[in-house]
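Here's the structure, in C-alpha cells; my notes come after.
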DNA sequence: CTGTTAGCGCGTTCAG
DNA sequence: CTGAACGCGCTAACAG
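Residue numbers (the numbering used here), protein chains in the order written: chain H, 1 to 343; chain U, 1001 to 1343.
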C-alpha cells in the first residue's frame, strides 16, 4: 500500500490534518512544523492520492480534450497530433493531466463529454471541433463545467456565453488573396472545402480582397475539395482547363495545396512561372516539397496556449466568467510557390 | 450537485447499497429490484462518481500512455499521432480512459510515470519508448502496476519480467534486403539511424540477408541519418558518389527514404531505373510521392491492439502474470520504387 | 435477497 | 497554531 497522510503524520509525530495543511501550504502552520513535515514527505516520496483528493475537493486536476471522430483521416491527424503535443506542453505547467477522447465512444455510442463530466473525471474541457452539437452544448452550459472551444466558429446566435479560441479565417483568406493580387494576378482560382464554417470564412476573405481591388468575383473560379492531398491532385486532373485559364490559385488547406502542386507539376506546369500557388495552414509537411509553399500561417501554438490559459482562468475563477471570444490573427509566410522571390 | 447512489436509492425506495449492487450487476439482487433501479438510474442519467469509486476500489479505469519527450519532432509525431488514435480506439472498447503524458514534466522535472502511479491516477501504463531508464523500470517493478512497453526492445538481461510488444526488426531488415537481392541487386546501400536499438536490429537483418545470399557485407555501404526527411536528403548530397556506386538503397525509415528519393530525383536519377529504393515503416505520407515507395510495413494497428489486450489481461489478472514478449512480424509492401513492377 | 456499518484518504470545520 | 471528528460517494463485509 502506498503512503498516506496518516503515515506521514505518524512519522512526523503530528496529526493527519497537520500533514494535510502543511503539504497544502496552509497559512495556519508554523514554519518549523511545515518544514519537518515537508522534509519527511519528501524523503518518503509521498504523493497525494488523487481519488481521495478528488472526492473531497471535487477537483481532479485533469482536463479532457475532445477530438473529432474523423481524427483517423491522415491529414487531419497530422494537424491534431501536433496540437495535442502543444496542449500537453502547456498544461503540464499547471500540473494538469490530460485525458484525450473522441467525441463519442464507438462501441457504446455514449457521448464522451457527458460521460467525463458526469463521472467527474475532468475539471474542464478543451473541445476541438469543427461542428457543434446543440444538445451537448446545452448539456455543457447547464453543467457549469469550464470549457473552451478550440478551432471552432460557432455561427449561431448564442455565442456570448461560450469561450472559444480561433483563427480569423476571414483575414487569412484576405491575406492570401491580396498577396497574389499584389503580385499582379487577376484571375485567381480558389480551391476550398466544406460549404460552411471556417472555409466559408476563408472564401469570404478571398472575395473581399478581390472586391477591394476592384476585381470582379467569378463564382466559376471556386472549386471544392475534401481537404486531402488526393483531392487536390484529382481536382487538377478533372479541371485542367480551369487551371490553364488562371495565373494563380489559392488553396485553402496545405495538404490539398501540395496535391494541387504535384498534379500541376505532373501535367508539365512550372510553379510559380506558369501558375502561382498559395496554401493555408503552414504545416511542417510542406518542407518536403519543391518549390516551397507560400502559405497562410495558422498560429497553432498560440491557439493552444490561449485556449489553455483561458481554461485555467475559468478553472480558478470563483464564479463562472462571461464567455470570451479570442480571435487569433494568421500571417502570410512568403516562400517560393507564389513567385514573389522572382519579382 | 450531481446525482449520487443515495439519491437514486431515495427515488427507488431502497438502500444505497442496493443501488450500488444493482448497478454493478451483483448476483445478489432480485431481477425486479435491479430492473427498477436500473430504470431510474437511466431516467436520471446517473453516472458513478469516478473519484469515490476509485477511492474504494483502487481502480480508476484510466490508463496512462507515456510518450518520449522528442515527440515534438515532426517525423516522430506523425507516427505517434496515429498510434495514439489507434490506442484510443481500442481502449474505449473496455471503457478505459487514457491520460497522455510525456516522460517527464518539463517544468518540474518530475517523472510522469512515478507521479501518475503514486497519485493513483492510472491503473496501468503503456510506455512508448525507444530508450529505457533503469530507475523507472525498477520503480515499475516494485510498484506492481501493470505496464506494457510498446515499441521497445529491451536488450538488457532482465527481459523475462516485463511485458512488451514490438516489431521483429531483424526480419524487417532481412525482408527489405532480400527483396532487392532477388531483383538482382548486389551492391545495396543501407541508410540507417541510431547506433543501438531497433535500427541495429534492422541492420543485422540487412547483413544476414546479404550473407545468406553469399554477398560480402561492406561496412562502407552503411550510412547513418537522424531519421528525418531532411537528413535523408542531405545524405544524398553529401555522398553522391556512394549512391552512384550502387544500384539500390534500403532506407530504414520512410520519411528519410522520401528525403533520399527527392534528392536522388533532384540530382537527375531515375527511380527505380537508375537506383531502386526500399523504405521502412509504411507511413501514410508515402502516398504523396512518386514513384510510390516500396517499404517494410510495420503493423501499427496490430502493435497497438496487442499492447492494449495484454494490458487488459494484466489488469484483470488476480495476481501478477509473468512477463510476455510479443513479437509482431512486419511485411513487405511492394510498390514502384524498387522496380519490381518492371521486372 | 436486502439494509446497516465501516472504511478508502483527504480536506475542513470546530474546539482548544 | 494544532488535533479530533466528520463527510465526500462508493464498495464490501456483516447481519439479518
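We put the beta carbon where it would ideally sit given N, CA and C, even for glycine. Quick caveat, the model's predicted, so the values are computed rather than measured.
Q: List in chain order: all unbroken alpha helix (DSSP H) runs of 4+ residues lying wholly within the segment 159 to 244 of chain H.
A: 169 to 182, 198 to 212, 229 to 238, 240 to 244
*What in chain U is Cβ-close to residue 336(H), meaning under 7 angstroms?*
Translated into positions along the first chain, residue 336(H) becomes position 336. The contacting residues do not exist; residue 336(H) stays about 14 angstroms from chain U at best.
Taking Cβ-Cβ distances shorter than 8 angstroms, what residues in chain H pair up with residue 1163(U)? The count along the second chain starts at 1 and reaches residue 1163(U) at position 163. None at all; the shortest Cβ gap to chain H is about 22 angstroms.
- Item | Per-residue DSSP class, three states only, for residue 1323(U) | Translated into positions along the second chain, residue 1323(U) becomes position 323. Residue 1323(U): coil per DSSP, three-state reduction.
### Query
Taking the alpha carbon of residue 1252(U) as the point to measure from, which residue in 1137(U), 1089(U), 1005(U), 1174(U) has its own alpha carbon closest?
Taking the first residue of the second chain as 1, we reach residue 1252(U) at position 252. Of the listed residues, the one whose Cα sits closest to residue 1252(U) is 1174(U).
I need the boundaries of the beta strand (DSSP E) containing residue 1054(U), first residue and last residue.
Counting from one through the second chain, the residue named residue 1054(U) turns up at place 54. Not the beta strand (DSSP E): residue 1054(U) falls in the alpha helix (DSSP H), residues 1050 to 1057.
Note to self: At the level of alpha carbons, what is the spacing between residue 1099(U) and residue 1290(U)?
What the structure shows: Start at 1 with the first residue of the second chain, and residue 1099(U) comes out as number 99. Start at 1 with the first residue of the second chain, and residue 1290(U) comes out as number 290. Roughly 38 angstroms separates the two Cα atoms.
Review point. Applying a beta-carbon distance threshold of less than 9 angstroms, which residues of chain H neighbour residue 1054(U)?
Key: Against the second chain, residue 1054(U) aligns to sequence position 54. Result: 49, 50, 51, 52, 54, 55.
- prompt: Got a sec: does the ligand ATP put a non-hydrogen atom nearer than 7 angstroms to the Cβ of residue 1129(U)?
  reply: The ligand ATP is not part of the structure shown, which contains no ligands of any sort.
Along chain U, in chain order, which residues have C-beta atoms closer than 8 angstroms to that of residue 97(H)? As a position in the first chain, residue 97(H) is number 97, starting the count at 1. Per Cβ cutoff of 8 angstroms: 1099, 1101, 1116, 1121.
If you draw a straight line from the alpha carbon of residue 1061(U) to that of residue 1005(U), how long is it in whole angstroms? Translated into positions along the second chain, residue 1061(U) becomes position 61. Translated into positions along the second chain, residue 1005(U) becomes position 5. Cα-Cα distance, rounded: 19 angstroms.
Buried or exposed, going by whether 16 or more other CB atoms sit within 10 Å of the CB of residue 1146(U)?
Indexing the second chain from 1 puts residue 1146(U) at position 146. So residue 1146(U) ends up on the buried side.
**Prompt:** Interface residues of chain U around residue 186(H) at Cβ under 9 angstroms?
**Reply:** Locating residue 186(H) in the first chain gives position 186, counting from the first residue. What residue 186(H) touches in chain U: nothing, since even the nearest Cβ is about 31 angstroms away.
Residues that residue 1279(U) bridges to, as DSSP identifies them: Translated into the one-based positions of the second chain, residue 1279(U) becomes position 279. Partner(s): 1295(U).
Q. Would you say residue 1002(U) faces chain H, with C-beta separation under 8 angstroms as the test?
A. In the second chain, residue 1002(U) corresponds to position 2, counting from 1. Chain H contact via Cβ: present.
Span separating the alpha-carbon of residue 260(H) from that of residue 1222(U): For this step, residue 260(H) is matched to residue 260 along the first chain. For this step, residue 1222(U) is matched to residue 222 along the second chain. Whole-angstrom Cα-Cα distance: 36 angstroms.
| message | Considering only their Cβ atoms, is the gap separating residue 190(H) from residue 272(H) smaller than 8 angstroms? | response | Counted from its first residue, the first chain places residue 272(H) at position 272. Counted from its first residue, the first chain places residue 190(H) at position 190. No, these two residues do not count as a Cβ contact at 8 angstroms.
Note to self: Helix, strand or coil, according to DSSP, for residue 347(H) in the structure here?
What the structure shows: Here chain H has residues from 1 to 343 only, and residue 347(H) is not among them.
**Report entry** Three-state secondary structure assigned by DSSP to residue 1339(U)
**Finding:** The residue given as residue 1339(U) occupies position 339 in the second chain. Coil, per DSSP.
Original post:
How about residue 332(H) and residue 286(H): do their beta carbons lie closer than 8 angstroms?
Top reply: In the first chain, the residue the question calls residue 332(H) occupies position 332. In the first chain, the residue the question calls residue 286(H) occupies position 286. It is not a contact, given that the beta carbons lie outside the stated cut-off.
_Going by DSSP, what residue range makes up the alpha helix (DSSP H) through residue 1012(U)?_
On the second chain, position 12 is the one that residue 1012(U) refers to. Taken as a continuous stretch (DSSP letters only), the alpha helix (DSSP H) holding residue 1012(U) covers 1005 to 1012.
- Query: Below 8 angstroms between beta carbons: does that hold for residue 346(H) and residue 10(H)?
  - Reply: It is not possible to answer for residue 346(H), since the shown part of chain H is limited to 1 through 343.
* Asked: Name the residues in the segment 1079 to 1090 of chain U whose C-beta lies less than 8 angstroms from a C-beta of chain H; which are they?
  -> 1080, 1081, 1082, 1084, 1085, 1088, 1089
**Prompt:** Beta carbon of residue 1278(U), beta carbon of residue 1205(U): below 8 angstroms?
**Reply:** Taking the first residue of the second chain as 1, we reach residue 1278(U) at position 278. Taking the first residue of the second chain as 1, we reach residue 1205(U) at position 205. Result no, Cβ atoms of residue 1278(U) and residue 1205(U) do not sit closer than 8 angstroms.
So, do the segment 43 to 59 of chain H and the segment 1116 to 1126 of chain U have three or more beta carbon pairs nearer to each other than 8 angstroms?
-> yes
**Proximity to residue 213(H) [Cα-Cα], best of 241(H), 231(H), 184(H)** = For the purposes of this step, residue 213(H) is taken as the residue at position 213 of the first chain. Selected option, being the one with the closest Cα: 184(H).
* Selection of the segment 1231 to 1261 of chain U by Cβ proximity to chain H, strictly under 7 angstroms -> 1258
Mark residue 142(H) as exposed unless 16 or more other C-beta atoms lie within 10 angstroms of its C-beta, in which case mark it buried.
-> Here residue 142(H) is taken as the residue at index 142 of the first chain, counted from 1. By the neighbour-count rule (16 or more Cβ atoms within 10 Å), residue 142(H) is not buried but exposed.
Check: Is DSSP giving residue 19(H) helix, strand or coil here?
Finding: To locate residue 19(H), count along the first chain from 1; it is residue 19. Helix, per DSSP.
Notebook entry, point to check: Within the 8 angstroms Cβ cut-off, does residue 1295(U) reach chain H?
Noted result: Your numbering for residue 1295(U) matches position 295 in the second chain. Chain H contact via Cβ: absent.
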